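Read the structure below first, then the notes.
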Amino acid sequence: MEKIAPNICQLEKSVFVIVGPEGTTNFGIVRGDDGCALVIDSDIRRIDEIEAALSMTGCSKVSYLFNTHENFDHSSANHYFEKKGATVIASEGCWKALMKDGEAKFAEMGGPVPELWQRFPDLKMGLPHVTFSDTASVYLQGITSRLRYSAFQGQGHSKGDAVVFFEKEGILFAGDLLYVDFHPVTIYGHISNWLQSIDRLRGEDFKSVVPGHGPVVEGQAAGKQAFAKFRSYLEDFHEQLLTAASGRQSAEEVRAHMMSGAYARLGKTWMVQRNIEYFLKEAR
Ligand SMILES: [Zn+2]
121 MEKIAPNICQ LEKSVFVIVG PEGTTNFGIV RGDDGCALVI DSDIRRIDEI EAALSMTGCS
181 KVSYLFNTHE NFDHSSANHY FEKKGATVIA SEGCWKALMK DGEAKFAEMG GPVPELWQRF
241 PDLKMGLPHV TFSDTASVYL QGITSRLRYS AFQGQGHSKG DAVVFFEKEG ILFAGDLLYV
301 DFHPVTIYGH ISNWLQSIDR LRGEDFKSVV PGHGPVVEGQ AAGKQAFAKF RSYLEDFHEQ
361 LLTAASGRQS AEEVRAHMMS GAYARLGKTW MVQRNIEYFL KEAR
């Protein structure tokens, strides 16, 4: 892996990652030999960073944009790239989720950022143009991407979870099914299904794994370990939540547990409270 800018890594000749600062979303750039690109996830709030990375990596055009799932930080530049001629691809689950409440979520997330509407007066949520229910492949010149729906029983981290494999290069983009070094967002997910989704992924063959948030993990053993570590976080958190939902401990005790020991150094600590509150509200 080579760093070509403070937040941009080159994993392979044609595969780049924009690593989100402080645990913000990671984006992928896959460059075909002719300069046509597949972009993996995009957030309109960080469009300048994405455009700068596209020119730095020698991409002349974004032909495809893939949403690993429906959340705003992964899908909010769909319309932006659609207008520039890109075909937006996502799982059928992601498409359905965006159809159902994508507009409302877009307004909720984009609302607090009025400068977005000043800059992009016709900004709106863009739906994917092409969907798949199980797998799909994107063929660029010189590199093939395999997309795979990975939300166990229809909901893992979210309803749309899909991953990207580069089989020849041994690279896996796991989307938000994997977080490294940061507390996850669990409010859109189903934690026990999520564990199953992880179990399927960690059995795969890969040399590097790109999480949805956090640093790229290199080496098969380190990648498997990252999945194992995150899996045990989720499993523990789920048990803690169930104990709180049944009244055997307080929300504050769960929060204190998730901020200490093995978790003490994880970033984005404000997620914990939000995740707990949401779970307990739903459990009522
Ligand atoms: Zn995310």
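Note that our numbering has the sequence shown beginning at 121, numbered continuously upward.
All C-beta atoms in this analysis are idealised placements derived from N, C-alpha and C, irrespective of residue type, glycine included.
All values reported here derive from a predicted model rather than from experimental measurement.
Item, Value
"Quick check: what's the CA-CA separation for lysine 220 versus cysteine 214?", "10 Å"
"Measure from the alpha carbon of valine 305 to the alpha carbon of each residue in Gly334, Phe326, Asp319 and Gly290, then state which is nearest.", "Gly334"
"Hey, serine 328 and glycine 295: beta-carbon distance below 8 Å or not?", "no"
"Could you give the residue range of the alpha helix (DSSP H) that holds glutamate 212?", "212-230"
"Please state whether DSSP places alanine 197 in a helix, a strand or coil.", "coil"
"Tell me whether histidine 310 counts as near ligand 1, meaning its Cβ is closer than 7 Å to at least one heavy atom of that ligand.", "no"
"Using the Cα positions of leucine 362 and valine 135, report the straight-line distance between them to the nearest angstrom.", "41 Å"
"Touching or not, the segment 272-292 and the segment 225-234, by the rule of three or more beta carbon pairs under 8 Å?", "no"
"Tell me the DSSP secondary structure of glycine 295 in three-state form.", "strand"
"Quick check on glutamate 169: buried or exposed, where buried means 16 or more other Cβ atoms within 10 Å of its Cβ?", "buried"
"Could you check whether the Cβ of histidine 194 sits closer than 8 Å to any Cβ belonging to chain B?", "Judged by its chain identifiers, the structure shown contains no chain B, having just a single protein chain."
"Under 8 Å: do the segment 263-274 and the segment 220-230 share three or more Cβ pairs, one atom per stretch?", "no"
"Is it buried or exposed for proline 331, if we count other Cβ within 10 angstroms and need 16 for buried?", "buried"
"Going by DSSP in three states, threonine 255 sits in which element: helix, strand or coil?", "strand"
"For the beta strand (DSSP E) containing glutamine 130, name the first residue and the last one.", "128-132"
"Using a threshold of 7 Å, is the CB atom of aspartate 296 nearer than that to any non-hydrogen atom of ligand 1?", "yes"
"For glutamate 402, count the other beta carbons within 10 Å of its own beta carbon; 16 or more makes it buried, fewer makes it exposed. Which is it?", "exposed"
"Does ligand 1 have even one heavy atom less than 7 Å from the beta-carbon of asparagine 191?", "yes"
"In terms of DSSP beta bridges, what is arginine 266 paired with?", "Ser257 and Phe285"
"If you measure from the CB of threonine 101, is any heavy atom of ligand 1 nearer than 7 Å?", "No answer is possible for residue 101: the residues shown for the chain start at 121 and end at 404."
"Under 8 Å between the Cβ atoms of leucine 297 and isoleucine 318?", "yes"
"Name the DSSP beta bridge partners of cysteine 156, please?", "Lys181"
"Find out if the Cβ-Cβ distance for the pair valine 159, glycine 148 is shorter than 8 Å.", "yes"
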